[in-house]
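Chemist: Residue 1 is where the sequence shown starts when you use full-length UniProt numbering, and the numbers rise one by one after that.
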Amino acid sequence: MSAVSSMMRLLQLGDSALPVGAFSFSNGLESAVQAKVVRDAGGLEAFVRVAARASATTDGIALLEAFRAARDGDRPRVALADREAFGRKLNEEMRVMSVRMGRKLAEVAVKIAEAPGVEAWLGEIRRGETPGTYPVAQALASEALGLDEASAFAAHQYGVAAMMVNASMRLMRIGHMDAQAILRRVGDEAAAAYDEVRGRSLADMASFSPMVDVLAAAHVRASVRLFMN
1 MSAVSSMMRL
11 LQLGDSALPV
21 GAFSFSNGLE
31 SAVQAKVVRD
41 AGGLEAFVRV
51 AARASATTDG
61 IALLEAFRAA
71 RDGDRPRVAL
81 ADREAFGRKL
91 NEEMRVMSVR
101 MGRKLAEVAV
111 KIAEAPGVEA
121 WLGEIRRGET
131 PGTYPVAQAL
141 ASEALGLDEA
151 SAFAAHQYGV
161 AAMMVNASMR
171 LMRIGHMDAQ
181 AILRRVGDEA
191 AAAYDEVRGR
201 SLADMASFSP
211 MVDVLAAAHV
221 RASVRLFMN
């Protein structure tokens, strides 16, 4: 596959218009705005950066493990990465977000690519044999599309940041230019995050962002909201 074709597939996988339901979730940002934890562009950037960091050291590791397992044809390793990713979600909202988007991405990948591995995994999800988390779906879809693991990791990190930045446009007063500048700056940190976690195992998956966890948990019981829980 040429470099241009590879880039086109990466752009498609990272496109915010990809129908996986990302627009329905704010990754805790809605509660952060309501609680006035995030008040302006500076607060938004800090919140997105924390979420991206937590994603890299948890879901990012699961994604890399699942990608390598898919490349090697090791189905038990894929299943283990999926369970570990699901088990690291401390609150209901994050679990729901991950599995809903994961299943939708698997359905998209089966439609747009020759992806027997993804199709088999989708069958396991439907039978209740595996959770079907989003980072594992991205790993399997990326491998089926012929991308490398660094590209898969980049698409995942971009998706986390883009979801929250896009949600901010509906939640607070922030200009499109400021939002895009935040997305670029947070995105610039993905390469260092990949270098940091690429050698880690599933046992190393960990993050510490208690404010994000508490806000996401509060969102489940919120009486007024724009985004799904």
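The beta-carbon is built from N, C-alpha and C at its ideal position, and this holds for glycine as well.
Can you give the beta carbon distance from residue 162 to residue 16, rounded, assuming they're within the 8 Å contact cut?
Modeler: So it is a contact: roughly 6 Å between Cβ atoms.
Chemist: Taking only runs of the alpha helix (DSSP H) that begin and end inside the stretch 126-161, which ones reach a length of at least 4 residues, in chain order?
Modeler: Segments of the alpha helix (DSSP H) lying fully in the stretch 126-161: 134-144.
Chemist: Is it right to say residue 11 is buried, meaning 16 or more other beta carbons lie within 10 angstroms of its own, or is it exposed?
Modeler: Counting Cβ neighbours within 10 Å, residue 11 comes out exposed, since fewer than 16 surround it.
Chemist: Please name the residue in 48, 45, 5, 61 whose C-alpha comes closest to that of residue 195.
Modeler: When each option's Cα is compared against that of residue 195, the closest is 61.
Chemist: Over what stretch of residues does the alpha helix (DSSP H) that includes residue 201 continue unbroken?
Modeler: From DSSP, residue 201 is part of no alpha helix (DSSP H); its letter is neither H nor E.
Chemist: Measuring alpha carbon to alpha carbon, tell me which of 173, 200, 203 ends up nearest residue 34.
Modeler: Here the closest residue by C-alpha is 173.
Chemist: Grouping DSSP H, G and I as helix and E and B as strand, with all else coil, what is residue 57?
Modeler: Here residue 57 sits in helix by DSSP.
Chemist: Could you tell me which whole alpha helix (DSSP H) segments of length 4 or greater appear in the stretch 29-99?
Modeler: If we require 4 residues or more, the alpha helix (DSSP H) runs fully inside the stretch 29-99 come out as 29-34, 41-57, 59-72, 75-87.
Chemist: Round the Cβ separation of residue 84 and residue 186 to the nearest angstrom and send it over; I've been treating them as touching at under 8 Å.
Modeler: About 25 Å separates the two Cβ atoms, so there is no contact after all.
Chemist: Measure the alpha-carbon distance for residue 47 versus residue 29 and round it to whole angstroms.
Modeler: Roughly 8 Å between the two C-alpha positions.
Chemist: Taking the alpha carbon of residue 54 as the reference point, which residue from 216, 214, 217, 205 has its own alpha carbon closest?
Modeler: The option with the nearest alpha carbon to residue 54 is 205.
Chemist: Give me the Cβ distance between residue 232 and residue 212, rounded to the nearest whole Å; I'm assuming they're in contact under 8 Å.
Modeler: In this structure the chain extends from 1 to 229, so residue 232 is not present and cannot be described.
Chemist: Quick one: grab the DSSP three-state call for residue 19.
Modeler: Coil, per DSSP.
Chemist: For my contact list, residue 66 and residue 139 are in at a C-beta cut-off of 8 Å; report their separation, rounded to the angstrom.
Modeler: The Cβ separation is near 4 Å, so the contact holds.
Chemist: Evaluate residue 86 with the Cβ neighbour count: other Cβ atoms within 10 Å of its Cβ, from every protein chain shown; 16 or more gives buried, anything less gives exposed.
Modeler: Buried, by the Cβ-count rule.
Chemist: Below 8 Å on the Cβ atoms is my guess for residue 9 versus residue 147; work out the distance and round it to an integer in Å.
Modeler: Indeed they touch by this definition, with Cβ atoms about 6 Å apart.
Chemist: Give the single residue among 6, 23, 183, 96 whose Cα lies nearest to the Cα of residue 132.
Modeler: Of 6, 23, 183, 96, the residue nearest in Cα terms is 96.
Chemist: Let me confirm a value: residue 169 is counted as buried when at least 16 other C-beta atoms fall within 10 Å, else exposed. Which label applies?
Modeler: Under this definition residue 169 is an exposed residue.
Chemist: With distances taken from CA atoms, which of 199, 70, 150 is nearest residue 6?
Modeler: That would be 150, whose Cα lies nearest to the Cα of residue 6.
Chemist: Excluding the 5 residues preceding and the 5 following residue 91 in the sequence, name in chain order all residues of the same chain whose CB lies nearer than 8 Å to its CB.
Modeler: Excluding sequence neighbours, residue 91 sits near 213, 216, 217, 220.
Chemist: What is the DSSP secondary structure of residue 173, counted as helix, strand or coil?
Modeler: The answer is coil: DSSP assigns residue 173 none of H, G, I, E or B.
Chemist: In three-state terms, what does DSSP make of residue 188?
Modeler: It is coil, neither helix nor strand.
Chemist: For residue 94, which residues in the same chain have their Cβ closer than 7 Å to its Cβ, ignoring the five residues on either side in sequence?
Modeler: Once the five neighbours on either side are set aside, the close Cβ partners of residue 94 are 216.
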